[in-house]
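> The structure's right below; bear with me while I get my questions together.
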Ligand SMILES: *Cc1c(COP(=O)(O)O)cnc(C)c1O
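Residue numbers (this note's numbering): -16 to 233.
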């Protein structure tokens, strides 16, 4: 059984808004407990595989930031939510031949992982006369199958991106290895925060954003200074393994 994105299933999920509201309150509470202003941590509601009507429901309730992983799915969803105030974040691995779909459609790319991708994005942004906020994804666990730059390349890449006028380097992102214990994930988040401080000094850019923490580990991420938490399942419920349509990109 495949489920089309247009299905209304989640619109009728009476718990969607309740789960979202409870998550907003919990994030604010955790942020206060970490000694920060609740405004300092933003929730990116990860809506991948979730239908557009569910996004609409949260938008109507005041959630503004949404995260997507697949270009085609995101463009379809954006089209069906045209003229809404959503701020879209791109979280997934981005192939260079799809970079052209990002400028003007997304406010932030969380998964910048090479200078060659940065150059293509920069050219596209220049051509379109727009700016794009970017985060460099760091591969903390040195997992070959996962995106992100090695720690030893981070400074060099940050230096390069900092010189690209239409890309605004705002910080770092990481997704620690899935199998780590919560304690070790928290250590990984602390490590990302330290790397950020290091690169900030070395490169002389402000880097105020740390995108870290998902449904399973956002309390640990907030404790270590996350400013963007990417939460999907806790808000929307489990993702259906929907078979993606093979429609051709515009
Ligand atoms: C899917 C995804 C998330 C959300 O994960 P949940 O466990 O559903 O909260 C966060 N970040 C990235 C990069 C993702 O791909």
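Think of the CB as a built atom: it goes at the ideal place given N, C-alpha and C, for glycine as much as any other residue.
What is the rounded straight-line gap between the Cα of residue 22 and the Cα of residue 117?
Their Cα atoms are separated by approximately 20 Å.
> Excluding the 5 residues preceding and the 5 following residue 185 in the sequence, name in chain order all residues of the same chain whose CB lies nearer than 7 Å to its CB.
Excluding positions up to five away in sequence, the list reads 138.
> Are the CB atoms of residue 208 and residue 197 nearer to each other than 8 Å?
Going by C-beta atoms, residue 208 is not nearer than 8 Å to residue 197.
> Please state whether the Cβ-Cβ distance between residue 73 and residue 51 is less than 8 Å.
Yes, Cβ-Cβ distance for residue 73 and residue 51 is below 8 Å.
> Could you compute how far the alpha carbon of residue 56 sits from the alpha carbon of residue 34?
So the two alpha carbons sit approximately 10 Å from each other.
> As an exercise, report each continuous beta strand (DSSP E) stretch of at least 3 residues that is fully enclosed by the region 10 to 38, in chain order.
With a minimum length of 3 residues, the continuous beta strand (DSSP E) runs that stay inside the region 10 to 38 are 25 to 29.
> Hey, quick one: how far does the beta strand (DSSP E) through residue 73 stretch, first residue to last?
Segment 70 to 73, the beta strand (DSSP E) holding residue 73.
> Assign residue 96 to buried or exposed, taking buried as 16 or more other Cβ atoms, counted over all protein chains shown, within 10 Å of its Cβ.
Buried, because 16 or more other Cβ atoms sit within 10 Å of the Cβ of residue 96.
> Could you name the residues that DSSP lists as bridge partners for residue 48?
BP columns for residue 48 point to 70.
> Counting beta carbon pairs with one atom in the region 107 to 115 and one in the region 85 to 94, are three or more of them shorter than 8 Å?
Touching, per the Cβ criterion.
> When DSSP labels each residue in this structure, what does residue 63 get in the three-state scheme?
Correct three-state label for residue 63: helix.
> Tell me whether residue 29 counts as near ligand 1, meaning its Cβ is closer than 7 Å to at least one heavy atom of that ligand.
Residue 29: yes, Cβ under 7 Å from ligand 1.
> Would you say the beta carbon of residue 80 comes nearer than 7 Å to a heavy atom of ligand 1?
Result no, Cβ not under 7 Å from ligand 1.
> Between the alpha carbons of residue 149 and residue 203, how many angstroms are there, rounded?
In a straight line, the C-alpha of residue 149 is about 33 Å away from that of residue 203.
> Do you know how far the Cα of residue 48 is from the Cα of residue 30?
For residue 30 and residue 48, the distance between alpha carbons rounds to 10 Å.
> What residue ranges within the region 127 to 159 form continuous beta strand (DSSP E) runs of no fewer than 3 residues, ordered along the chain?
Counting whole runs of 3 or more residues, the region 127 to 159 contains the beta strand (DSSP E) stretches 150 to 156.
> Just how far apart, CA to CA, sit residue 19 and residue 44?
Going by the C-alpha atoms only, they are around 24 Å apart.
> Tell me, to the nearest whole angstrom, how far the beta carbon of residue 212 is from that of residue 24; I am working on the premise that it is less than 8 Å.
Right, their Cβ atoms sit about 6 Å apart.
> Is residue 123 near residue 159, with beta carbons less than 8 Å apart?
Taking 8 Å as the Cβ cut-off, residue 123 and residue 159 qualify as a contacting pair.
> Leaving out five residues on either side along the sequence, give the residues of the same chain with a beta carbon under 6 Å from the beta carbon of residue 108.
Cβ within range, chain order: 86, 115, 149.
> Classify residue 212 as helix, strand or coil using the three-state DSSP reduction.
Correct three-state label for residue 212: strand.
> My assumption, with CB atoms under 8 Å, is that residue 120 sits in contact with residue 94. Please give the rounded CB distance.
With a Cβ gap of about 5 Å, residue 120 and residue 94 count as contacting.
> Which of the three DSSP states is assigned to residue 115 in this structure?
In the structure shown, residue 115 sits in a strand (DSSP, three-state: E or B).
> Can you tell me whether residue 52 sits near ligand 1, meaning its C-beta is under 7 Å from at least one heavy atom of the ligand?
The answer is yes for residue 52.
> Give me, in chain order, the residues of the same chain whose beta-carbon lies closer than 7 Å to that of residue 61; leave out the 5 immediate sequence neighbours on both sides.
Closer than 7 Å at the Cβ level, and outside the excluded window around residue 61, lie 71, 88.
> Helix, strand or coil for residue 120 per DSSP?
Correct three-state label for residue 120: strand.
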